[in-house]
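The structure under discussion appears below in the form of structure tokens.
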Amino acid sequence: MGSVRNVGGQSGSNAPEAEWGASSAGPRSCSANVVGVGRLIVIEGLDGAGKRTLADGLAAELATRGCSVARAAFPRYAEDIHAELVAEALRGRHGDLGASVHGMAVLYALDRRGAADTLRADLAGHDVVLLDRYVASNAAYGAARLHQDARGDFVTWIHDLEVTRFALPRPDLQILLRVPTEVAASRAAHRERTEVDRQRDNFESDVPLQQRCAEVYAQLADLGWWSPWIVVDGVGQVDFAALVDDHVLR
């Protein structure tokens, strides 16, 4: 693939083998999933990084291996009242709610808490669960808004809220899809022009915020925040077969 870097924990060729996937003699499959629980794979990155495209490619590759895949994306704007409030606040409604970093973060967190039982059921019923954004997005964007880094108080607060207090399922792997900020912004603008009802919100159109967010994401990955991370080049062509073999089904 264009570039994959192992960071923040054992998730590459030096990682110990789990009771999951086929032997190294051939492509990994889901036929040997004797654990009875799915792998939770999270895709993180800036708005316009290409997370949905990466998820599509992974889902298609996993399907060729006989893997059952469940997918979700956060925020769940069409499904959860907290996410609806987020969307409205990002477009200037609800007074000064959108200006409150912690207030918005709680709404994002409550959206995920509301999905936790469904997520656990998906993990019990599928080989792989793919998420477009998860807890790290809350940490990265909030810290960036406050001009903090990944070791700051806000990221610690998010961990206390969503990981410790809400006890959300821990990812087996977090994939940071890294692209230059200007590339992500160009893609987001193109999507705004070509997709109905896809107007960029206040966060998406704030270029300095996106730049700071990219820095926090990189720090979270380097720290191995909460679970193992890899960094994937979102500009080059992705080798989905290698990504699945080397990381997703390990």
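If you read the sequence shown in this note's numbering, its first letter stands for residue 95, the second for the next number, and so on. The beta carbon of each residue, even a glycine, is placed where N, CA and C say it ideally should be. Just so we're clear, the structure is a prediction, and the values are computed from it rather than from any experiment.
- Here the alpha carbons of E309 and P121 stand approximately 34 Å from one another.
- Spatial neighbours of D339 in its own chain (CB-CB distance under 7 Å, excluding positions within 5 residues in sequence) are listed in chain order as P121, R122.
- Following the DSSP letters along the chain, one finds Q268 inside the beta strand (DSSP E) bounded by residues 267-272.
- The DSSP assignment places 229-239, 247-252 as complete runs of the alpha helix (DSSP H) inside the region 206-283, in order along the chain (cut-off: 4 residues).
- For V223, the closest C-alpha among the options A230, R207, V163 is that of V163.
- Counted as a single uninterrupted DSSP element, the beta strand (DSSP E) harbouring A164 occupies residues 163-167.
- A230 is not a Cβ neighbour of L201, given a cutoff of 9 Å.
- Contact annotation: R206 and L152 have beta-carbon atoms that are not nearer than 9 Å.
- The secondary-structure analysis by DSSP pairs E138 across a beta bridge with L270.
- For V326, the secondary structure class from DSSP, reduced to helix, strand or coil, is strand.
- R344 is classed as buried because its beta carbon has at least 16 other beta carbons within 10 Å across all chains shown.
- Here DSSP, grouped into helix, strand and coil, assigns R133 to strand.
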